[in-house]
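Structure, as structure tokens:
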Amino acid sequence: MSPKTTIDDVYAQTLARNPGEAEFHQAVHEVFGSLDRVLAKHPEYVQASILERVCEPERQIIFRVPWVDDTGRVRINRGFRVQFNSALGPYKGGLRFHPSVLLGTVKFLGFEQVFKNALTGMPIGGGKGGSDFDPKGKSDGEIMRFCQSFMTEAYRHVGEYTDVPAGDIGVGAREIGYLFGQYKRITNRYESGVLTGKGVTWGGSLVRTEATGYGAVFFTQHMLATRGRSFDGARVLVSGSGNVAIYAIEKVHELGGVVVGASDSSGSIHDPDGIDLELLRDVKERRRERIEAYATERGGRARFLPGASVWQIAGDERVDVALPCATQNELDEADAARLVANGLVAVAEGANMPTTPGAVRVFREAGVLFGPGKAANAGGVATSALEMQQNASRDSWTFEHTEERLSEIMAGIHERTAETADEYGAPGDYVVGANIAGFIRVADAMLALGVI
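So, in structure tokens, the structure goes:
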């Protein structure tokens, strides 16, 4: 049987076994699209059914989360933890609290996490979890009660040598604190390494907050260098205005770039002079307001585009670099064509799968440097692993030392990805390089561990 036939058969089987999970199907299809040349070189992967096994989570946990709101009414949400693959180490991946969270969402994120974590070169497997609970509009007391209820079930399935959750959309230091407090209370252990993204005064790591945004920019910096370019003077668009976007903007500005647009779910802002980062932080982080307030307070120097994608700004001016940092499938084929027509050089995914397959195709055909999320946004999980190291040794590193480690890890991911793309006949194609490098590391570990 040819490698392509094997891939097609396994993909068809995956669709049949996981009906209605479009995001998971998309993630599997994207990885499988790079693997025919790998199976041709490594027939042992076919013999050991590595493709089938890597698409099937080792464990899927779904549970009820009852909690009491401020009026005394009992509310019910659904909790998830998908422990996808532990061939390289304990499951590692975030928790997402958002109304859109379904099992398919968590599986897509967990599948991506397996290969992202492998690319870091660190000993961590892949998993993901979360709930359809919406923290927006909830009081601190309601969020605490929800998190305590969530952990009352989840504690049975996590541990520093088993599964180490972190934050994601809707889960920040506040939620991690409540989750860790309940874990400590139930187990009677101060097991710092069971969760990452903790506050720096009680076991957290410096740079963890900044890591995903910084890491995406570091990766982009390495991509640009292959074309003799840098961020100096570059015009940059960043989607989102949450944690990843804020710190991506900060690092771009440090490196001499100018970020001219950002967004939230209500619309986008265009600031041709460059985003005033302190004002954006005040609006989004301190006051938790919609991004329109930024344009209002910036006066005539910025404009608000209600309901508009940030990528529409590319119709008004040159854009050198695009950093999608909001959510999955936010940048479509029309957006990609607009960006390419206005001078785009590089894209790096700060979010998980924010670029649709059609948009990826446009970028690759146009010769745009494209850093897929499993490589470009791996800085967050890499720094989570550094937090685990510090917890294990009861140590705490300086900001400078931790950022240097992050920079080294992102350089290593870029080198590993680029070299693998060259080796498999796709020079400069970071999608192929990332998919193959991550897959091979996981596949080889699975072979070594036997049929489990």
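Per the numbering used here, the sequence shown starts with residue -4, numbered consecutively.
All C-beta atoms in this analysis are idealised placements derived from N, C-alpha and C, irrespective of residue type, glycine included.
Everything numeric in this text was worked out from a predicted model, so none of it was measured.
Given a threshold of 16 other Cβ atoms within 10 Å of its Cβ, counted over all protein chains shown, does residue i qualify as buried or as exposed?
i: A336; result: exposed
i: F394; result: exposed
i: H37; result: buried
i: P319; result: buried
i: I181; result: exposed
i: H265; result: buried
i: S95; result: exposed
i: W197; result: exposed
i: L339; result: buried
i: Q42; result: exposed
i: M139; result: buried
i: D158; result: buried
i: M(-4); result: exposed
i: T100; result: buried
i: K(-1); result: exposed
i: A443; result: exposed
i: K102; result: buried
i: S144; result: buried
i: V189; result: buried
i: R76; result: buried
i: E360; result: exposed
i: G122; result: buried
i: R436; result: buried
i: G411; result: The amino acid at residue 411 is misidentified as Gly; the sequence shows Arg. Under this definition R411 is a buried residue.
Using 7 Å as the threshold, is the C-beta distance between residue i and residue j below it?
i: P454; j: L90; result: In the structure as shown, the chain starts at -4 and stops at 447, and residue 454 therefore has no counterpart that could be examined.
i: L381; j: S200; result: yes
i: G368; j: M348; result: yes
i: W62; j: R70; result: yes
i: G192; j: R203; result: yes
i: F299; j: E280; result: no
i: E186; j: E155; result: yes
i: F19; j: I2; result: no
i: A371; j: D327; result: no
i: Q108; j: G88; result: yes
i: V5; j: E47; result: yes
i: R84; j: G120; result: Position check: residue 84 holds Gly in this sequence, whereas Arg was assumed. It is a contact, given that the beta carbons lie within the stated cut-off.
i: M405; j: G208; result: no
i: F58; j: F92; result: no
i: I45; j: A440; result: no
i: S391; j: Q385; result: yes
i: L334; j: A309; result: yes
i: P118; j: G165; result: no
Short of 8 Å in beta carbon distance, which residues of its chain neighbour residue i, apart from the five on each side in sequence? Order them along the chain.
i: M218; result: A341, A343, L364, G366, H409, Y425
i: V212; result: F226, A243, K246, V247, L250, L318, A343
i: E312; result: R230, V255, P267, N337
i: N13; result: F19, H20, G99, K102
i: S388; result: none
i: Q323; result: E18, F103, A346, N347, M348, P349
i: G167; result: G192, N238
i: L10; result: H20
i: T147; result: Q177, I181
Identify, in the order they occur along the chain, each residue of the same chain with its Cβ nearer than 6 Å to the Cβ of residue i, setting aside the five sequence neighbours on each side.
i: I431; result: S29, V33, T415, Y419
i: S134; result: D65
i: R285; result: S261
i: H396; result: none
i: G302; result: G262
i: A421; result: V427
So, at 7 Å on beta carbons, what are the nonlocal neighbours of residue i in its own chain, with the 5 sequence-adjacent residues on each side left out?
i: V305; result: L232, S234, G256, A257, S258, S263
i: A332; result: V357
i: R293; result: D266, D271, L274
i: K179; result: Y185
i: D31; result: P(-2), K(-1), I2
i: F106; result: F19, A22, V23, F79
Quiz item: Is the stretch 77 to 88 touching the stretch 50 to 65, taking contact as three or more C-beta pairs under 8 Å?
Solution: They touch, by the three-pair rule.
Quiz item: Can you list the alpha helix (DSSP H) stretches of 4 or more residues lying completely in the stretch 346 to 408, in chain order?
Solution: Within the stretch 346 to 408, the complete alpha helix (DSSP H) runs of at least 4 residues are 352 to 360, 368 to 371, 374 to 387.
Exercise. Tell me, please, whether the stretch 249 to 263 touches the stretch 227 to 237 by the rule of three or more beta-carbon pairs shorter than 8 Å.
Key: Contact between the stretch 249 to 263 and the stretch 227 to 237 is present, because at least three Cβ pairs lie under 8 Å.
Quiz item: Enumerated in chain order, which unbroken segments of the beta strand (DSSP E) with a length of 3 residues or greater are wholly contained in the stretch 216 to 265?
Solution: 230 to 234, 253 to 259, 262 to 265, all fully within the stretch 216 to 265.
Quiz prompt | Whole runs of the beta strand (DSSP E) within the stretch 287 to 338, excluding any shorter than 3 residues | solution = 298 to 301, 316 to 319, all fully within the stretch 287 to 338.
Exercise. Could you name each continuous beta strand (DSSP E) segment of 3 residues or more that falls completely within the stretch 80 to 116, going from the start of the chain to the end?
Key: Every beta strand (DSSP E) stretch that sits fully inside the stretch 80 to 116 and reaches 3 residues is listed by chain position as 86 to 92.
Exercise. Write down every uninterrupted run of the beta strand (DSSP E) in the stretch -3 to 69 whose length is 3 residues or greater and which is fully enclosed by it, in chain order.
Key: As summarised for the stretch -3 to 69, the continuous beta strand (DSSP E) elements at least 3 residues long and confined to that stretch are 54 to 63, given in chain order.
Quiz item: Quick check: the stretch 430 to 444 against the stretch 109 to 123, are there 3 or more CB pairs under 8 Å?
Solution: Inter-segment contact for the stretch 430 to 444 and the stretch 109 to 123 is present: three or more beta-carbon pairs are separated by less than 8 Å.
Exercise. Can you check the stretch 155 to 191 for any alpha helix (DSSP H) of at least 4 residues that lies completely inside it and give the ranges in chain order?
Key: You should have 168 to 182.
Exercise. May I ask you to verify whether the stretch 400 to 407 touches the stretch 371 to 380, counting CB pairs closer than 8 Å and requiring at least 3?
Key: Output reads yes: the stretch 371 to 380 touches the stretch 400 to 407.
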